[in-house]
Structures are given as structure tokens and as C-alpha cells.
């Protein structure tokens, strides 16, 4: 029986040693943990080998030698076990070093004093050498105190860990850690208690240390798996990724594939698979492809899967060693059918947004039109100064609301790429006059001086997008007035002739406002963002004006710049390439405008008592607006509320012009127009102008194609 026990001790020591060496050679694990497990494996082997050898020999010197080897293993194992626990719980390295050094000195003393066994009696019993204690000694006290001290520290540390912040994640590890201590303590009893009772020892500690070692080994493996490291997270990301990831070795053979790739291609085995087995590519083409991949000439490719003909995007990435030589290639595969589905969904969402904007445009513009129209009637007909002041406030507020809606619609067009630049012939003086007319009232209300510094030598007729030039200029003028409390706003227009009829139009707006901080200049042209928000919180606006202006200028291949000194004012300059159609100088613009108040008073520009028009609209208020606005022109106006009523009126009376609402219940404007044109009545050829609140890009062109004479 004794011989078998000795053999088992050698086997257990060898198993612990082999496992420690194997674990150390596994580069996937943490280096510190690998080192600790190697030391513990060697210590467990010394423990088992020492006491196994002691059980085989008879002479006292040989027995003492075996005991020294075994005790060295005990001391090293217990100290390293404690340090591993310290490392898991997060004890700082300096404290681990101090603790290990002090316990190492204590253990050395223990080996020197206890190993000779002065009070121990050795006897070869049943094929093994055993001992019993013939009275306690100082060496025995030191030995047992050392063991109790180390074990107690380990247990206390484990308990602290148990009640620490990471209890849920590490509870299982802590329980296994405590179990390893229990194995060790229980196994020491027959080797410790029996000799103290005068009975021969039994070498059970070798069984205990082996069980303890493997508990700690399991703990270290799991601890590494739970610990957040680049390696662990990378492995998780590799397996959890929805992207199919393949790894090919330098022999062009598949060696790894993540779960997503295996499911997508229904792979039961990876052995021997090549790229041509997965995708529709011939073997000779594959070889040429790999040559390009490993030389970094090919990084992306589109191929169909061999089985299901699913179009996939392949993205290649080559991993290289420190010398720059490739050791594997990764392929990230994206299902293009999923991308196309997403694209279609986004397109549908974009169409839904466009439809919403069209409806929103119509539903909001219709009542605003009524407000502005009725208010304009008050401005034209009312004489009471107080009421006129109220009406002007209504006009300003309504125009501000309309400007906000226009900004949102324009930004949506830009965002969806539907804002088009349509160059036409235009008179530069017209743009300058319009900009002045639109901004001078705002400037006057804030007691700002509006200065028009226009070069009289500028060419009179240019070729460009008149609407967008006017819009960009008005935007920066409006901004200047909004952010200037006192002083002046100057519109300066200059130009520079280039080759042939090419012309660079330069429009600058100079204000004496609050200025812009240097750090805020970059954010000026960001959508929905207003700089110095705390200071400017009382100023209305969406923060879209400059963003839209920047996009418009970019679409016209122009540039916009800003110079500013905080607290003193800003200068915005727009440079736009245009074409000259008429080089005749524009002349002195100051002759075209006057700042007297009489220009606010409405005067009709013509009288046409013989003209007959028909206005078709489903909102009575808008019909009233038309009638009242045209009252002084003496035009004969008939109004109807539906398409059916329009056709009936058109049968009995000849009109010079028909205004047709588009969105009407029952028969809409387009359907009414088609029936009017197909009839043989007196108004079959009468010009018809469509009236609509639909201001979405392309609406005007669509109505003109149908046959309407114009679009309002």
C-alpha cells in the first residue's frame, strides 16, 4: 500500500508540473497569471516529489533531504497562492512584493528549523516512511504558525473580495477559491493532527495541494476570461459581429470564420476550404486576386456567393509580422442585398419626408397667405395710425414665420440633394433693388442706417441663378440687421471681369453689430446652430440661414467668407462666378431709391375696367383677399369655390385670365384644367395660372409641363 501511495504522489506532482508548463506556454492568457501558475505547478511538484521521496527512503539524511524539498514546495506554493489571490482582488504590486518578501523570509526560517525534525520519530511502516511527534518544539510552532498565517490571509482576502463591488461577476470564482483552501486545510489534518497524537502521519497533503492547484488554475482561466482586456474584447467582437469575418492563411486556405460567417454560408467544416469554394470566382482568378491582396493592390471586391448567388462586398485586410511579412488575411463580407434593402427603406423614408414637407408647405402657407392678404388690405385701406402700426407688426411677424418655413423647406431640399441651380438672364440692378426693398423696413424699425455702396460700372445684365443670388444676399443682410443694435448695415457690390465674358460678382455686407468670437467662426455655417447663444437668445431664427447660404454659394461654385472683431462688427463676403450678357454699366443705383415714407403707401400701378378674370379657390377668405387686393385696378372679378363651379362659369362667360387653385375637394385644379381644355367652350384657350401653396422643388416645372400658363 505504501508503495502505491508514493507512486501516486509522484504522479500528482508530475500532473501539476505539466499543467503549469502548458498553461505558461499558452500566449492567450495573461503573462503574470501564467507565471504564477507555473510557479505554483513547480511548487506543487516539489511538494509531492519531496514527500514521495521521503516515503521511499530509510536513512535519516535522505529523509531530511526529501522533507526539505517538500517543505520548500509548501512554502513557495502557499506564498504564491496568497499573491495570486492578492492580484485577483486588486492589491497594489508594491504591497504584494512586501508581503511576498516577508513571508519568504519566514518560510526560509521554517524550512531550516522544521525540516530536520529534531522531535520527530521516523519509521518505515507498510512500505513507506512515516513519522510522529515526540513532543512540541519551537520549530513546530513556527511551522504551524506559518501555515495558519498564510491560509488565514488567503481566506480573509477572499472574503473581502466576496463582499466587494464585483460580487456578482466573481461570486463563482470566490467560492472556488475558498474551496481550494478547504481542500488544502482538510488534507493537512492527517499530516498534522495524527503525528501530534502520537500516531504515524499520512501524506494526504499531496492530494490536497493537487486539488487546490487545479481549483486555482480554473479560477485563473475564468478570471482572465472575465477581465476586460483588448484580447478578450477583440475575441468577443470577432464572434459577436454581424459582419461575416473569414481568416485565410498564407496558403490561401480558410482557417477561421466567426459565427456569423458560418451561419451565413452554412459551414459545417472549415477544413480545406478556399475562396473559390465560397464565392463565384475561378481558381486561377483566385490566385491572381490573392497576389494583389498580399501586395495591398486589392482591398475591396464585389462577388456573388457560389450557392445562393447573393451579391456581397468583400473587404480585405492583411495582417503582417514585425518584419512586414504577411501571416494571414482577413476578409470582411457584407451582404449587399441587406444594404440595398436598407437603401430602399431610406429612399422610402425620404419620399415620405418629401410628401410630408409638401403637405406641411401647403397647409401652413394657405393660412399665412390669408393672414398676409387680409393684413395687406388693412394697410391699403386703413387711415388710423394706431391700426396701421398694428397691421405692420402683423406683417412683420407673418413674414418672419414665412421665412422660417422657407428656411426649413430649403434646408430639406439641400439635404436631399434636390436644390438645383437654374441660371437665367437677369438685371443686376433688379437684385440690388429687391434686396434693398426687403431689408430697408427692418433696418428703419431698428433705427439702423442702411448704406448701398454699389459700383456704377458693374455690368447691367448677367447670367446666373437670380433667385439664389438674391436669396443668399438677403440672408446675410437679414442676419446683419438682426445682430446689429445700433449703427449701420452696408451692402457693398463690386465685380471683377475674368477671361472673356466671365465675371466674379462680389457682394459684401458690413455691419457695426456685436461681432463674432474667433473660436465661434467655424460653427457659423453649421445647421441649427447659433453662436453665442446666451447673448443672442432673444433674437428669432432657426440657425439655418447661414447654413443654407453656404450650401447655395457652394452649389454656384462660389465662396463665402467672414471677417469679424468681437464687439465691433462683421463683414460677410460672397464671391460668385457669373457670365456677362450686357456690359452696359448699371449706373448710379442711388437714383433708383428714396428713403421717404411715401413709398410705404400703396398705389395701384394700372386700371383695367374691361378685363375679366375668374378666380377658383376652395377657401372663401382667399377669394376675398384677391377681390380686395385688386379692387382699385377696376378689374371685373368673378369667384367660385370649386372645380365644378369653375366649369359651369366658364361655359357662359369669356374670361381674359383664370386663376386656378390646385388642392380642392372633389375635382382638383389639374383635373379641372384638363376638362376646361378638352371642352369646346369659349374659355378652352384662356390662359390659366395655377395657384398653389406647394413650394417643393420641381412643382413649377411640373405644372408648366401640364399646360398651365404660369405658377403662383
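Residue numbers (the numbering used here): 5 to 716. Ideal Cβ positions, reconstructed from N, Cα and C, are used throughout, including at glycine.
Quiz item: If you scan the region 473 to 536 from start to end, which runs of the beta strand (DSSP E) of 3 or more residues do you find wholly inside it?
Solution: Listed in chain order, the complete beta strand (DSSP E) runs (minimum 3 residues) inside the region 473 to 536 are 492 to 501, 506 to 515.
Exercise. Check the DSSP bridge columns for residue 430 and list the partner residues they point to.
Key: Within the chain shown, the letter at position 426 stands for residue 430. According to DSSP, residue 430 shares a beta bridge with 466.
Practice problem: Answer yes or no: do residue 717 and residue 457 have a C-beta to C-beta separation smaller than 8 Å? | Solution: There is simply no residue 717 to check, as the chain begins at 5 and stops at 716 in what is shown.
Self-check item: Pair within 8 Å by beta-carbon distance, residue 405 and residue 473
Solution: As a position in the chain shown, residue 405 is number 401, starting the count at 1. As a position in the chain shown, residue 473 is number 469, starting the count at 1. Taking a C-beta distance under 8 Å as the contact criterion, residue 405 and residue 473 do not qualify as a contact pair.
Practice problem: Determine the DSSP secondary structure at residue 634, reduced to helix, strand or coil. | Solution: Taking the chain shown and counting its residues from 1, one reaches residue 634 at position 630. Residue 634 falls in the coil class under three-state DSSP.
Self-check item: alpha helix (DSSP H) segment containing residue 1, residue limits
Solution: The chain is shown only over 5 to 716; residue 1 falls outside these bounds and no answer can be derived.
Quiz item: Which residue's Cα is closest to the Cα of residue 151: 436, 118, 424, 163?
Solution: The residue given as residue 151 occupies position 147 in the chain shown. Of 436, 118, 424, 163, the residue nearest in Cα terms is 118.
Self-check item: Separation of residue 507 from residue 687, as counted between CA atoms
Solution: For this step, residue 687 is matched to residue 683 along the chain shown. For this step, residue 507 is matched to residue 503 along the chain shown. C-alpha of residue 687 to C-alpha of residue 507: approximately 47 Å in a straight line.
Exercise. Measure the alpha-carbon distance for residue 657 versus residue 650 and round it to whole angstroms.
Key: Walking along the chain shown from the start, residue 657 turns up at place 653. Walking along the chain shown from the start, residue 650 turns up at place 646. Roughly 11 Å separates the two Cα atoms.
Quiz item: Which residues does DSSP pair with residue 666 in a beta bridge?
Solution: Position 662 of the chain shown, counted from the start, is the residue given in the question as residue 666. Answer is none; residue 666 lacks a bridge partner.
Self-check item: Range of the contiguous beta strand (DSSP E) that encloses residue 456
Solution: For this step, residue 456 is matched to residue 452 along the chain shown. In the DSSP assignment, residue 456 falls within the unbroken beta strand (DSSP E) covering 453 to 458.
Exercise. Rank 380, 624, 126 by C-alpha distance to the C-alpha of residue 60 and give the top, closest one.
Key: Against the chain shown, residue 60 aligns to sequence position 56. With distances taken between Cα atoms, residue 60 lies closest to 126.
Quiz prompt | Cβ-based neighbour list, residue 568, same chain, cut-off 6 Å, excluding 5 preceding and 5 following | solution = The residue labelled residue 568 in the question sits at position 564 within the chain shown. Excluding five sequence positions before and after residue 568, the CB atoms of its chain that fall closer than 6 Å to its own CB belong to 519, 520, 574, given in chain order.
Practice problem: Could you tell me which residues DSSP puts in a beta bridge with residue 324? | Solution: Along the chain shown, one-based indexing puts residue 324 at 320. Bridge partners of residue 324: 330.
Practice problem: Pick helix, strand or coil for residue 351, following the three-state DSSP scheme. | Solution: The count along the chain shown starts at 1 and reaches residue 351 at position 347. Looking at residue 351 - three-state DSSP - the assignment turns out to be helix.
Quiz item: Smallest Cα separation from residue 554: which of 527, 572, 570, 571?
Solution: Walking along the chain shown from the start, residue 554 turns up at place 550. When 527, 572, 570, 571 are compared, the shortest CA-CA separation from residue 554 is found for 527.
Practice problem: Name, in chain order, the residues that DSSP records as bridge partners for residue 260. | Solution: Translated into the one-based positions of the chain shown, residue 260 becomes position 256. Looking at the DSSP assignment, residue 260 forms a beta bridge with 251.
Exercise. Could you tell me the distance, in whole angstroms, from the CA atom of residue 552 to the CA atom of residue 689?
Key: For the purposes of this step, residue 552 is identified with residue 548 of the chain shown, where counting begins at 1. For the purposes of this step, residue 689 is identified with residue 685 of the chain shown, where counting begins at 1. Separation of residue 552 and residue 689 (C-alpha to C-alpha, rounded to the nearest whole angstrom) is 41 Å.
Quiz item: Mind pulling the alpha helix (DSSP H) runs of 4 or more residues that sit fully within the region 7 to 86?
Solution: Fully enclosed alpha helix (DSSP H) runs of no fewer than 4 residues occupy 35 to 60 of the region 7 to 86, in order along the chain.
Exercise. Could you tell me the boundaries of the beta strand (DSSP E) in which residue 125 lies?
Key: By one-based count along the chain shown, residue 125 stands at place 121. Annotation: the continuous beta strand (DSSP E) that includes residue 125 extends over 124 to 129.
Self-check item: Local Cβ density within 10 Å of residue 669, reported as buried at 16 or more and exposed below that
Solution: As a first step, residue 669 must be located in the chain shown, where it is residue number 665. Per the 10 Å Cβ criterion, exposed.
Exercise. For residue 91, collect the residues of the same chain with a Cβ closer than 8 Å to its Cβ; drop the 5 residues on either side in sequence, then sort them by chain order.
Key: What you label residue 91 is simply residue 87 of the chain shown in a count that begins at 1. These residues qualify, in order along the chain: 36, 37, 40, 100.
Quiz item: Where DSSP assigns a beta bridge to residue 317, which residues make up the other side?
Solution: In the chain shown, the residue the question calls residue 317 occupies position 313. According to DSSP, residue 317 bridges with 306, 338.
Quiz item: Of all the options 694, 159, 336, which has the alpha carbon lying nearest to the alpha carbon of residue 261?
Solution: Looking up residue 261 in the chain shown gives position 257. The residue from 694, 159, 336 with its alpha-carbon nearest to that of residue 261 is 336.
Self-check item: As assigned by DSSP and simplified to three states, the class of residue 619
Solution: One-based indexing of the chain shown puts residue 619 at position 615. Annotated three-state conformation of residue 619 is strand, per DSSP.
Quiz item: Based on the DSSP secondary-structure assignment, which residues constitute the bridge partners of residue 573?
Solution: Along the chain shown, one-based indexing puts residue 573 at 569. According to DSSP, which records beta bridges pairwise, residue 573 is partnered with 569.
Self-check item: the region 107 to 114 touching the region 67 to 87, judged by at least three CB pairs closer than 8 Å
Solution: Segments in contact, yes.
Quiz item: Once you ignore the five residues that flank residue 644 on each side, which residues in its own chain have a CB closer than 6 Å to its CB?
Solution: Your numbering for residue 644 matches position 640 in the chain shown. Beyond the five residues adjoining it in sequence on each side, residue 644 comes within less than 6 Å, by CB distance, of 620, 650, 653 in the same chain, given in chain order.
Exercise. Can you say whether residue 647 is buried or exposed, counting buried as having 16 or more other CB atoms within 10 angstroms of its CB?
Key: Position 643 of the chain shown, counting from 1, holds the residue named residue 647. Label assigned to residue 647: buried.
Quiz item: Do residue 120 and the ligand ADP come close, with the Cβ less than 7 Å from some heavy atom?
Solution: This structure lacks the ligand ADP; in fact it carries no ligand of any kind.
Practice problem: For residue 751, I'd like the list of residues in its chain whose CB is within less than 7 Å of its CB, leaving aside the five on either flank, ordered along the chain. | Solution: Outside the shown range of the chain (5 to 716) lies residue 751, about which nothing can therefore be said.
Exercise. May I ask which residues mark the beginning and end of the beta strand (DSSP E) holding residue 273?
Key: Here the question's residue 273 lines up with position 269 in the chain shown. Residue 273: not part of any beta strand (DSSP E); DSSP gives it neither H nor E.
Quiz item: Exposed or buried, which one is residue 659 when buried takes at least 16 other CB atoms within 10 Å?
Solution: Along the chain shown, one-based indexing puts residue 659 at 655. Buried, because 16 or more other Cβ atoms sit within 10 Å of the Cβ of residue 659.
Quiz item: Is it true that the region 666 to 682 meets the region 629 to 641, where meeting means three or more beta-carbon pairs spaced less than 8 Å apart?
Solution: The answer is no - the region 629 to 641 does not touch the region 666 to 682, with fewer than three Cβ pairs under 8 Å.
Quiz prompt | Whole-Å CB distance - residue 297 paired with residue 333, under 8 Å assumed | solution = Residue numbering aside, residue 297 sits at position 293 when the chain shown is read from its first letter. Residue numbering aside, residue 333 sits at position 329 when the chain shown is read from its first letter. In this structure, residue 297 and residue 333 form a Cβ contact; the two beta carbons are roughly 6 Å apart against a cut-off of 8 Å.
Exercise. Assign residue 135 to one of three DSSP states: helix, strand, or coil.
Key: Taking the first residue of the chain shown as 1, we reach residue 135 at position 131. Looking at residue 135 - three-state DSSP - the assignment turns out to be strand.
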